[in-house]
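Have a look at the structure below, then the notes.
Number of protein chains: 2
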Amino acid sequence: MSDTYAMINGGFILKNEASLFISDLSIQRGFGIFDFFRTVDHKPIFLEDHLDRFYFSASQMNMEISLAREALKKQIFELIEKNSIPDSGIRITLTGGYSEDGYTLSKPNLVITQNAFAFNKENFEKGIKLVTYDHQRQLPQIKTIDYLQAIRLQPFVKENHADDLLYHDQNMIRECPRSNFFIVTNNNEVLTAGKKILKGITRKKILELEEFNIREEEITLKDLENVKEAFVSSTTKNVLPVVKIDGKTIGNGKPGEITRRIYDKICLLKEK
Amino acid sequence: MSDTYAMINGGFILKNEASLFISDLSIQRGFGIFDFFRTVDHKPIFLEDHLDRFYFSASQMNMEISLAREALKKQIFELIEKNSIPDSGIRITLTGGYSEDGYTLSKPNLVITQNAFAFNKENFEKGIKLVTYDHQRQLPQIKTIDYLQAIRLQPFVKENHADDLLYHDQNMIRECPRSNFFIVTNNNEVLTAGKKILKGITRKKILELEEFNIREEEITLKDLENVKEAFVSSTTKNVLPVVKIDGKTIGNGKPGEITRRIYDKICLLKEK
């Protein structure tokens with residue numbers, strides 16, 4: 000919407016007019032971190048988990064974030080009040096800042112944006128199709144702005160009649176560019192990679208569910224040939240069944256029973 | 000200088016005021032490519048080589064650059080004339096463009112900037128100190144804006160009393176973040192990595208020199224223990240002796256004889 004506001008370094012600005020000078024290290028060197036969470040009925044979902052990860056990412060990248068956590072929360076709530084968009088996605092981005100020589104670490108710029116976003120339950124029944132690709136993300140546990148491969152490969156995904164990528168590191172399954180990946184084995188075990196991935200907040204909530212046999216475990220490309228169900232998890236997708244991988248149908252090509260039960264649990268935690 | 004101009008999508012703008020909207024994919028997703036060349040006495044050095052690589056990078060990233068090569072050159076020469084900075088560095092950056100959803104590939108933004116830069120011969124006698132780090136750059140042959148590791152590790156470089164990083168991929172020497180790396184063996188062979196690196200333009204000119212025994216060859220961390228000389232090459236550094244690696248002195252800690260001869264040849268090609 001044209002009257003939606005963003006916040007840059009604590010000041011409101013119309014989102015459509017918000018800009019950064021080209022000396023910013025995000026533009027010069029792809030250097031920045033971010034986090035992304037939703038609001039439902041004006042209330043942030045799992046905010047503390049997202050802030051934990053945001054400050055972790057900043058510290059791992061040696062970025063000085065002068066804003067204390069409570070002050071950052073205050074800015075977030077100010078933006079929520081100003082925009083008055085009940086159901087939304089909020090992105091907090093910390094860039095490398097304006098650097099005189101375009102290289103040296105500088106005082107970061109903090110950009111907070113909000114978009115209307117309502118969770119669409121219909122996507123669940125459709126599920127998504129993935130295409131595998133050999134790529135290990137650098138600094139995987141840090142939520143950096145680096146999506147070079149994912150953006151570059153958008154035509155590749157289309158050519159393969161898929162909706163998204165599934166990265167593997169020389170046959171070890173990792174994650175999708177913006178979501179975590181799970182399989183359900185024929186023994187009803189729910190498995191997800193534990194190493195060299197971004198640890199998603201929805202993933203964390205799934206791992207905490209007690210009524211399933213869920214654990215972190217190395218999954219290989221070959222393991223995919225014999226899974227009962229597969230799904231991805233993310234802040235916007237909640238839990239989304241994977242119906243095809245590399246053109247091969249998973250299970251009967253419909254959302255599986257355990258996937259559906261996990262989805263219901265996660266929706267209970269998140270949605271109105 | 001405050002009256003230096005930049006060019007964004009063909010239009011002049013004061014460099015200090017040049018900005019991109021925050022929906023640009025460089026800010027959202029670290030997605031962009033660039034190239035960088037020098038002018039000496041208003042003349043671009045090795046421009047065709049740099050443009051070759053720039054268009055190669057764009058095509059590899061699936062970026063649509065609508066501007067034909069001759070039109071891009073025209074913009075570059077317009078900027079050179081407008082700014083009238085005889086000795087400079089010119090950077091052409093192509094970002095992913097303004098993306099409505101912050102993810103989908105869009106029409107790229109082209110940003111051209113110019114900085115005064117004069118080559119400093121005194122740096123040669125001092126040389127530089129490197130510290131090794133295990134990191135394989137992603138998409139190494141494409142000149143993307145991704146310098147996440149290099150920027151993040153700036154404090155690490157300082158703590159190790161070094162000037163720059165030397166990346167190796169599980170003991171196979173690759174390159175520095177912004178320069179290529181060469182060794183001179185005790186048999187006066189000049190070796191540089193040929194795989195999984197960015198192929199620098201100065202590096203290319205060095206490999207074309209006929210009076211030396213130069214070739215691409217895998218170099219291991221262990222090989223560094225027994226080298227006679229080492230140096231790096233780049234557009235701004237030309238050829239710069241490496242006097243220490245991980246605190247260990249290379250040769251006698253002074254610029255070596257073959258390094259000096261290669262340096263002289265490269266300066267002849269580039270400098271007034």
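Chains as they are written, first to last, in numbering that gives the first Met the number 0: chain A, 0 to 271; chain B, 0 to 271. Where a beta carbon is used, it is the ideal one built from N, C-alpha and C, also for glycine. Note that this is a predicted model, so its numbers are computed, not measured.
query = Which residues, taken in chain order from the region 144-166 of chain B, show a beta carbon closer than 9 Å to some beta carbon of chain A?
reply = From the region 144-166 of chain B, only Ile-144, Asp-145, Tyr-146, Leu-147, Gln-148, Ala-149, Ile-150, Arg-151, Leu-152, Gln-153, Pro-154, Phe-155 have a Cβ closer than 9 Å to chain A.
request  = Return no unless some Cβ of chain A is closer than 8 Å to the Cβ of B/Asn-61.
outcome  = Chain A contact via Cβ: present.
message = Strictly below 8 Å CB to CB, what residues from chain B border A/Gly-95?
response = Within chain B, Ile-150 have C-beta atoms less than 8 Å from the C-beta of A/Gly-95, given in sequence order.
message = Within 8 Å of any Cβ in chain A, is that where the Cβ of B/Ala-5 sits?
response = It does; some Cβ of chain A falls within 8 Å.
message = Restricting to Cα atoms, I'd like to know which of A/Val-242, A/Thr-234, A/Gly-255, A/Lys-253 is closest to A/Ile-265.
response = The candidate whose alpha carbon is nearest that of A/Ile-265 is A/Thr-234.
task = Please list the partners that A/Thr-235 has in chain B, where partner means a Cβ-to-Cβ separation under 7 Å.
result = What A/Thr-235 touches in chain B: nothing, since even the nearest Cβ is about 11 Å away.
request  = Output, in chain order, the set of chain A residues within a Cβ distance shorter than 7 Å of B/Arg-28.
outcome  = The answer, in chain order, is Ile-144, Tyr-146, Ile-150.
query = So, helix, strand or coil for A/His-167, using DSSP?
reply = For A/His-167, the secondary structure class from DSSP, reduced to helix, strand or coil, is strand.
request  = Could you name the residues of the same chain whose beta carbon sits closer than 8 Å to that of B/Lys-204, not counting the 5 residues immediately before and after it, in chain order?
outcome  = Correct list, in chain order: Phe-45, Ile-265, Leu-268.
ask   = For the alpha helix (DSSP H) that A/Pro-154 lies in, which residues bound it at each end?
value = The continuous alpha helix (DSSP H) containing A/Pro-154 extends over residues 153-158.
request  = Could you check what DSSP says for A/Ser-18 in three-state terms: helix, strand or coil?
outcome  = Note: A/Ser-18 maps to strand in three-state DSSP.
ask   = Within 10 angstroms of its Cβ, does A/Lys-73 collect 16 or more other Cβ (buried), or is it exposed?
value = So A/Lys-73 counts as exposed.
A/Ser-25: contacting residues in chain B (beta-carbon distance under 8 Å) = Ordered by position in chain B, the residues that pass the 8 Å Cβ test against A/Ser-25 are Ser-25, Ile-26, Gly-29.
Interface partners of B/Ser-18 on chain A, CB under 8 Å = Going along chain A in sequence order, the residues near B/Ser-18 (Cβ under 8 Å) are Ser-18, Leu-19, Phe-20, Ile-21.
ask   = Helix, strand or coil: how does DSSP classify A/Thr-191 here?
value = Here A/Thr-191 sits in strand by DSSP.
request  = Name, going along the chain, the residues of the region 243-271 of chain A whose beta-carbon falls closer than 8 Å to a beta-carbon of chain B.
outcome  = Residues of the region 243-271 of chain A that bring their beta carbon within less than 8 Å of a beta carbon in chain B are absent altogether.
message = By alpha-carbon positions, which one of A/Thr-131, A/Val-156, A/Leu-152 ends up nearest to A/Gln-169?
response = Ranking A/Thr-131, A/Val-156, A/Leu-152 by Cα distance to A/Gln-169 puts A/Thr-131 first.
inquiry  = Is it buried or exposed, B/Lys-194, if we count other Cβ atoms within 10 angstroms and call 16 or more buried?
reply    = Burial call: exposed.
key: Delimiting residues of the beta strand (DSSP E) encompassing A/Arg-214   = Run containing A/Arg-214: 212-215, per the beta strand (DSSP E) assignment.
request  = Using a cut-off of 9 Å between C-beta atoms, extract the partners of A/Leu-104 located in chain B.
outcome  = Simply Ile-150, Arg-151, Gln-153, Pro-154.
ask   = Shorter than 8 Å from the beta carbon of A/Val-241 to some beta carbon of chain B?
value = Residue contact with chain B for A/Val-241: absent (no Cβ-Cβ distance below 8 Å to any residue of chain B).
inquiry  = Suppose you measure from the CA of A/Lys-125 to the CA of A/His-160; what does that come to, to the nearest Å?
reply    = Take the alpha-carbon of A/Lys-125 and the one of A/His-160: they are about 14 Å apart.
ask   = Mind checking whether the beta-carbon of B/Lys-14 lies closer than 7 Å to any heavy atom of the ligand SAM?
value = Among the ligands in the structure shown, none appear at all, so the ligand SAM cannot be discussed.
inquiry  = Output needed for B/Glu-270: all residues of its chain with C-beta closer than 7 Å, excluding positions within five of it in sequence on either side, in chain order.
reply    = Within the same chain, and ignoring the five residues on either side of B/Glu-270 in sequence, the residues whose Cβ sits closer than 7 Å to its Cβ are Val-39, Phe-118.
query = What residues are listed by DSSP as bridge partners for B/Gly-275?
reply = Because chain B in this structure spans residues 0 to 271, residue 275 of chain B falls outside the shown range and cannot be described.
request  = Can you have a look at B/Leu-93 and say buried or exposed, based on whether 16 or more other CB atoms are within 10 angstroms of its CB?
outcome  = Residue burial is scored here from C-beta neighbours: B/Leu-93 has at least 16 other C-beta atoms within 10 angstroms and is therefore classed as buried.
request  = Below 7 Å between beta carbons is the criterion; list the residues of the region 125-144 of chain A that meet it against any residue of chain B, in chain order.
outcome  = Against chain B - using a Cβ distance shorter than 7 Å - the residues of the region 125-144 of chain A are Gln-137, Leu-138, Thr-143, Ile-144.
task = Enumerate in chain order the residues of its own chain whose CB-to-CB distance from B/Leu-109 is below 6 Å, with the five nearest sequence positions on each side excluded.
result = So the list reads Asn-8, Leu-93, once near-sequence residues are dropped.
Neighbourhood of B/Gly-250 by C-beta distance below 7 Å, restricted to the same chain and skipping five residues each side = Closer than 7 Å at Cβ, skipping near neighbours: Lys-227, Glu-228.
request  = Please say whether A/Arg-151 and A/Asn-179 have beta carbons closer to each other than 8 Å?
outcome  = No, Cβ-Cβ distance for A/Asn-179 and A/Arg-151 is not below 8 Å.
request  = Name the one or two DSSP bridge partners that A/Glu-174 has.
outcome  = A/Tyr-166.
ask   = Looking only at C-alpha atoms, which of B/Phe-123, B/Glu-256, B/Gln-140 sits nearest to B/Asp-34?
value = That would be B/Gln-140, whose Cα lies nearest to the Cα of B/Asp-34.
message = Please classify B/Thr-143 as buried or exposed, where buried requires at least 16 neighbouring CB atoms within 10 angstroms.
response = So B/Thr-143 ends up on the buried side.
ask   = Is the CB-CB distance between A/Gly-298 and B/Tyr-146 below 8 Å?
value = Nothing about residue 298 of chain A can be read from this structure; chain A reaches only from 0 to 271.
query = Considering only the beta carbon of each residue, do B/Ile-213 and B/Ile-172 sit closer than 8 Å?
reply = In this structure, B/Ile-213 sits away from B/Ile-172, with a CB-CB distance that is not shorter than 8 Å.
task = Decide if B/Asp-68 is buried, meaning its Cβ has at least 16 other Cβ atoms within 10 Å, or exposed.
result = Here residue 68 of chain B is Arg; the residue named in the question, Asp, does not match the sequence. Exposed is the call here.
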